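In the numbering used here, the protein residues as written are 39 to 257. Encoded as structure tokens, the structure appears first; notes follow it.
Here it is in structure tokens:
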């Protein structure tokens, strides 16, 4: 695998955000297939920036006949992002008590983005997979949201030790989403984004389009 730039890399945080003001929209009002495993009381999970949703709908049209994108989670309030980050950091700390704070922060960011730059909290990122015509998830090598420890690194997009079928499914997903303008976080095959700082770094854009925000009525 080529060198991976993690969310904790200073190059990511150094990129400016020129907030475009685009609204958060409810993906359940679109033609996407939406899973409810991450449903929350405010239905925040089902929201994305309008430009991200438009690109997902384009990606959907690029899949082979019969395959669907299965949307799992989009927007994540900053407070929830912080809770996820702290929870995973505590899990790693209990397993590796001698790690320095810097090493812990870097390792945590393989799986949960630091709250200050998290694409999910900007409505810029989506966790998703592929499904067949009946809505059944396809095999992409690991469960969605498997962490590096439990999957022995198979959650990395280009992990070498997955089956040929899982690799083919990841390739289909990657080709459609990349063509539609999204970028992948390479430690998580299911995580794709557009308009955030990581997207800006990956595409050499001068700035991000979307920064963290709170979900309000009407987006």
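The C-beta atom is built at its ideal place from N, Cα and C for all residues, glycine as well. Since the model is a prediction, treat every value here as computed from it, not as a measurement.
| Asked | Found |
| --- | --- |
| Cα-Cα separation between residue 189 and residue 103, rounded to whole angstroms | 30 Å |
| Residues bridged to residue 229 (per DSSP) | 165 |
| C-beta atoms of residue 247 and residue 234 nearer than 9 Å | yes |
| Close beta carbons around residue 168, own chain, < 8 Å, minus the five adjacent residues each side | 101, 105, 106, 107, 108, 175, 176, 178, 207, 210, 211 |
| Ranges of the alpha helix (DSSP H) found wholly within the region 92 to 160, counting only runs of at least 4 | 116 to 133, 139 to 146 |
| Cutoff 7 Å; reference residue 142; Cβ partners in own chain excluding five residues on either side | 127, 130, 131 |
| Distance, residue 243 Cα to residue 124 Cα | 30 Å |
| Neighbourhood of residue 204 by C-beta, 6 Å cutoff - its chain only, sequence neighbours within 5 removed | 177, 178, 179 |
| Rounded C-alpha distance that separates residue 41 from residue 238 | 18 Å |
| Stretch-stretch touch, CB-based, cutoff 8 Å, three pairs: the region 189 to 202 with the region 110 to 123 | no |
| Helix, strand or coil at residue 85 [DSSP, three-state] | strand |
| Spatial neighbours of residue 75 in its chain, beta-carbon cut-off 7 Å, leaving aside the 5 residues before and after | 110 |
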